[in-house]
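These notes are about the structure you will find just below.
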Amino acid sequence: QNPREAANFSRPEGFSDDDFRRRAEEYIGIVQGLWRSWDADALLFDKAGGRFHDPDRMHMLDHKGEFFAVRGPLNV
């Protein structure tokens, strides 16, 4: 892989194919964990009761891995 290709795919110089694969697998796991951070019925939008969501249906992700550290639920 030439330096331009490496920069295009955020591949640091010296990153081996195995490093790249491990980072991709970790990233996929993070995305899946964030997708699972809210149950389908977690958002209530209850104006009368003053409740936006049910905290029991929100799940925190606290990932600390080899390449990434991510905390959340997904907030998009």
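Be aware that the sequence shown starts at -2, since it is given in this note's numbering, and climbs by one per residue. Beta carbons are placed, not taken as given, at the ideal position from N, Cα and C, and that holds for glycine. Since this is a predicted model, take the numbers as computed values, not measurements.
Alpha carbon to alpha carbon, how far is residue j from residue i? Give it in angstroms, no decimals.
{"i": "I25", "j": "F65", "result": "11 Å"}
{"i": "R54", "j": "R1", "result": "44 Å"}
{"i": "L23", "j": "V73", "result": "This sequence places Glu at residue 23; Leu is not what is there. Those two C-alpha atoms are separated by around 21 Å."}
{"i": "H50", "j": "D14", "result": "42 Å"}
{"i": "D43", "j": "R33", "result": "22 Å"}
What are the start and end residues of the beta strand (DSSP E) that includes residue i?
{"i": "F42", "result": "L40 to D43"}
Might you give, ordered along the chain, the residues of its own chain that have their beta carbon closer than 7 Å to the beta carbon of residue i, omitting 5 neighbours on each side?
{"i": "P67", "result": "Residue identity check: residue 67 is Val in the sequence provided, not Pro. The answer, listed in chain order, is I27, L58 and H60."}
Spatial neighbours of residue i within its chain, please: CB distance less than 8 Å, with the 5 preceding and 5 following residues excluded, ordered by chain position.
{"i": "R48", "result": "L41"}
Which stretch, first to last residue, makes up the alpha helix (DSSP H) that contains residue i?
{"i": "L31", "result": "D14 to W32"}
Kindly identify the DSSP beta-bridge partner or partners of residue i.
{"i": "F69", "result": "Checking the displayed sequence, the identity of residue 69 turns out to be Gly instead of Phe. G69 pairs with L58."}
Indicate the three-state DSSP secondary structure (helix, strand or coil) for residue i in the structure shown.
{"i": "R48", "result": "strand"}
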